[in-house]
Amino acid sequence: MAFLDILRLEKSFGAHRVVKDFNLNIEKGEFISFLGPSGCGKTTVLRMVAGFETPTSGAICIDGRDVSGLAANRRNIGMVFQAYALFPNLTVEQNVGFGLRIKGEGKADIRTRVGEMLEMVGLPNLGERYPFQLSGGQQQRVALARALAIRPQVLLLDEPLSALDAKIRTSLREEIRRIQRELGITTIFVTHDQEEALSMSDRVVVMHQGIADQVGTPFEIYNRPATRFVAQFVGTLNLLDASLLDAAAGRVGLGDLPVALNRKLPGRAGDRVSLALRPETVALGRKGEGSVVLPGHIAEVHFLGSVIRIRVAVAGQFVSLDTFNQPDRPPPSVGTPVEVSISDRDLLVLAA
Amino acid sequence: MTERRLWSWLAVVLGGLYFLLPLVGMVDFSMRMQRDGYSFEAYRVVLADPQFQQTFGYSVVLALLTIVLGILIVVPTAYFVRLRFPGLRPIVEFLTLLPLVIPPIVIVFGYIRIYNTSSVLPLTGSWWGTNLLLLFGYATLSLPYMYRSVDTGLRTIDIGSLTEAAQSLGAGWARILAVVILPNVFVSILSGAFLTFAIVIGEYVFAALLNVGSFGPYMVWMGGNRAYEPSALAVVAFAITWACMGLIQLFTRFSKFSTVRR
Ligand SMILES: Nc1ncnc2c1ncn2[C@@H]1O[C@H](COP(=O)(O)OP(=O)(O)OP(=O)(O)O)[C@@H](O)[C@H]1O
Ligand SMILES: [Mg+2]
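Those protein sequence lines, which keep their order, are chains A and B.
Take the first sequence: its position 10, counting from 1, is numbered 10 in the working numbering, and each next residue is one higher.
Take the second sequence: its position 15, counting from 1, is numbered 1015 in the working numbering, and each next residue is one higher.
Below, the structure written as structure tokens:
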């Protein structure tokens, strides 16, 4: 039994089933991200863990105890909101000390703990300020300190970085991860930003229409997507329409172009399939053994800085690929005929 | 353009005169108690009258109690309606407006019928009962002002998130209301409270029919029996109302965290 167990969790609002058969076991100290498009039920699962929503059915156990029937204020769970939700009438210190005062801790203890927390989030000198005197990033740090001050069993963060601008978002996410490691606190982080989820998490839960499509490490999620949705949602993906020519020999047809994958494929000859490949697995030019080589011509060139993304027209469809920027070698111009090669192992075949 | 301006000015001046002339007349009259020119004699007489002090003191205490009762009724109601039953808001708002629609005399006759000495709950039979009835009645009268101002205050904060943040930190309902919600709508409550104060201080119908010695009936009695003093009293009453309005402005302007970024 893991530290936080979510078992067959279901939630309906009226006739609308928002969370369906959601199962997850989180180990103590693990950092889990819920990743998914808007409206897929991430917040709803999180709010059920926090106790703000009652599950329609299923169980939530923390440290072996079923908390489903427990009110939110008895669960000892720290929560950080997208909109900060600091108490506007209290100073930073009072905000951070709020939960401790409710627990009835002594004044001196509270002061020490609040000091530690503000130190930890890097705002040791702002205790006297009111929330409106802080920037968004600072407010969210205070909110984090406030949630952690009560020594919660679990920390929940619902898109805590969405309201911040890009620079602060990156620095704050590293800081959240550092603090989480330091305290060893079990954490669920909700986001619809895949970069955030992949870079921060021990494991990622990709959610789609109320279902956990795949649970795995960022590496697994990215390289071995379990469903078509995961493959498409996480990372950039080239999807090419193809038809199965010979399942046993592993040959598919890309338009008029036959492609040999050299492995057994499911399905029957004539089936429509999708070939999925990541831009970084595609290379310009002809590569060695085990590569599939496709002829085409350059359709678009996007200079992104360190990376150049090139779209190549192949048999009437488009393949995006990434190459590194090299100062002494300008990218090819549009219209140039080229060949692209892909290792046949990197070509995923998904049912269309 | 200039012509339009002229007409606007004219409208403002006419409106101003309409409001100010009676006031000026009243102030003028109230200061002519002594034949040989202006004096504050009428004010001195009024303020020195023990009955003034007694009725005014009574009304002030009653007004403060009304405000406390109003806050206790309205803040939790408005809060839970907003948080949990937003669909009920129009209905509750309508209910709180009823005291403006139903004349006070009808309300108080209702009270007297229901709570008379031969009823199940003979509130009018005792001093305590009568005062309690008056207090409840005034709390009812204050509803339209209290509810609206509290509701407006609640709209300016994100009560959903604040409530959940407080809950996750271990707070129960009573503490959330007292420590999170109340301080954040305090400035709005004040504006409702000052209006309530002004209403209760001058209220006549309830007090007269329940036969209570408050400031309203005293003013009326003065008006019927004296010449200059009633005008002085009216000016005093006006001053109190204006002071209340001024205080509303003051508190709104200078509250420490009313500039919260949203
Ligand atoms: N209180 C509610 N009543 C009715 N439907 C709700 C309620 N809360 C959420 N929903 C519905 O449940 C679904 C999932 O909502 P949820 O907030 O969990 O999505 P999300 O994954 O957090 O999305 P986002 O990324 O936009 O925050 C949505 O279709 C939403 O309309
Ligand atoms: Mg959400």
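Ideal Cβ placement from N, Cα and C applies to all residues, glycine included.
The model shown is predicted, which means the values in this text are computed figures rather than measured ones.
Give the DSSP-derived three-state secondary structure of residue i in the structure shown.
i: K287/A; result: coil
i: M48/A; result: helix
i: R1262/B; result: Because R1262/B carries a pLDDT of 36, less than 50, the predicted location of this residue cannot be relied on, and the following value inherits that uncertainty. Coil.
i: T1196/B; result: helix
i: R146/A; result: helix
i: D1028/B; result: helix
i: I185/A; result: coil
i: I1157/B; result: coil
i: G1213/B; result: coil
i: R141/A; result: helix
i: N1225/B; result: helix
i: F1040/B; result: coil
i: F318/A; result: strand
i: G58/A; result: strand
i: I1240/B; result: helix
i: A276/A; result: strand
i: S1168/B; result: helix
i: E1203/B; result: coil
i: T112/A; result: helix
i: R1253/B; result: helix
i: I310/A; result: strand
Just tell me which of the options has its CA closest to the CA of residue i.
i: S1214/B; options: Y1111/B, V1045/B, T1077/B and L1135/B; result: L1135/B
i: L46/A; options: E280/A, G253/A and G78/A; result: G78/A
i: L244/A; options: D193/A, L172/A, D271/A and L257/A; result: D271/A
i: P218/A; options: F34/A, F13/A, A15/A and R8/A; result: F34/A
i: Q140/A; options: I168/A, Q153/A and G115/A; result: I168/A
i: F1238/B; options: L1162/B, L1098/B, I1201/B and A1042/B; result: I1201/B
i: G316/A; options: E105/A, D158/A, A242/A and A163/A; result: A242/A
i: P1230/B; options: W1007/B, L1006/B, G1192/B and V1027/B; result: V1027/B
i: F1251/B; options: L1177/B, Y1218/B, S1188/B and G1216/B; result: S1188/B
i: L1143/B; options: G1037/B, T1077/B and G1172/B; result: T1077/B
i: R1148/B; options: V1061/B, L1177/B, E1203/B and G1070/B; result: G1070/B
i: N1131/B; options: W1242/B, A1165/B, V1212/B and D1151/B; result: V1212/B
i: A276/A; options: L284/A, F229/A and T44/A; result: F229/A
i: N262/A; options: A249/A, A351/A and L148/A; result: A249/A
i: L1182/B; options: A1165/B, V1150/B and A1208/B; result: V1150/B
Does the distance from the CB of residue i to the CB of residue j come in under 8 Å?
i: A231/A; j: D1158/B; result: no
i: I150/A; j: L1210/B; result: no
i: R309/A; j: D328/A; result: no
i: M1031/B; j: F1019/B; result: no
i: V1074/B; j: M1146/B; result: yes
i: A1232/B; j: V1024/B; result: no
i: V215/A; j: V234/A; result: no
i: T281/A; j: D346/A; result: yes
i: K20/A; j: I211/A; result: yes
i: V1180/B; j: G1153/B; result: no
i: V273/A; j: V349/A; result: yes
i: T187/A; j: I298/A; result: no
i: F1029/B; j: Y1218/B; result: no
i: N95/A; j: R146/A; result: yes
i: L9/A; j: P55/A; result: yes
i: G136/A; j: A163/A; result: yes
Let me confirm a value: residue i is counted as buried when at least 16 other C-beta atoms fall within 10 Å, else exposed. Which label applies?
i: I1091/B; result: exposed
i: M1/A; result: exposed
i: D165/A; result: exposed
i: G106/A; result: exposed
i: N325/A; result: exposed
i: G99/A; result: buried
i: I1114/B; result: exposed
i: Q1167/B; result: buried
i: F1052/B; result: buried
i: I342/A; result: buried
i: R1262/B; result: Its pLDDT being 36, under 50, R1262/B is placed unreliably in this model, and the value from its coordinates should be taken loosely. Classification of R1262/B: exposed, given that the 10 Å Cβ count is below 16.
i: G1015/B; result: exposed
i: G1224/B; result: exposed
i: L1195/B; result: buried
i: A1165/B; result: buried
Just checking my contact of residue i with residue j at CB under 8 Å: how many whole Å lie between their CB atoms?
i: E159/A; j: V190/A; result: 6 Å
i: M200/A; j: R173/A; result: 6 Å
i: I1107/B; j: G1129/B; result: About 17 Å; that fails the 8 Å criterion.
i: L144/A; j: V204/A; result: With 8 Å as the limit, L144/A and V204/A do not qualify as a contact, their Cβ atoms being about 21 Å apart.
i: E339/A; j: P295/A; result: 5 Å
i: A83/A; j: G51/A; result: With a Cβ gap of about 19 Å, A83/A and G51/A do not count as contacting.
i: P331/A; j: V301/A; result: 5 Å
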